[in-house]
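Letter by letter, the sequence shown follows residues 1271 to 1344 in the numbering used here.
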Amino acid sequence: MIAELELDHQSSQLEAGIQRQIICRLHVTGIADIAKKMISFGTGDHVKLTGFLTLKSRMSSQLVLHANSIEAVL
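1. Using DSSP bridges, identify the partner residues of T1313.
2. Please identify the residue among L1296, T1320, I1309 and M1308 whose C-alpha is closest to the C-alpha of E1276.
3. Are the CB atoms of A1342 and D1315 within a distance shorter than 8 angstroms?
4. What are the partner residues of V1298, as DSSP defines its beta bridges?
5. In whole angstroms, what is the alpha-carbon distance linking K1306 and I1272?
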C-alpha cells in the first residue's frame, strides 16, 4: 500500500540570530504500515513526521518527503 498527502508546515526558526517564520507545503509519501497510519489522519490534524527528501522522479525538480514514521501531536 502507498499513501500520499500534502503537509502544511509552519514554524519559527532562528537563523543568524534572527527569528524567521517558516511556511511551506510538502508532498509526503508513505509505504506499507506508514501508509496505513497516514490515511488514519484527517485534514487539520497535527503530526510529527520523520523521513527523507528525494526528487519525485529523475525528470522532476519537485521534492517529496518519504515518511519513515508518523505520529499524532496533541
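Idealized CB from N, CA, C, for every residue including glycine.
Taking the geometry as given:
1. In the DSSP output, where bridge partners are listed per residue, T1313 has none listed.
2. L1296
3. yes
4. L1275 and L1335
5. 8 angstroms
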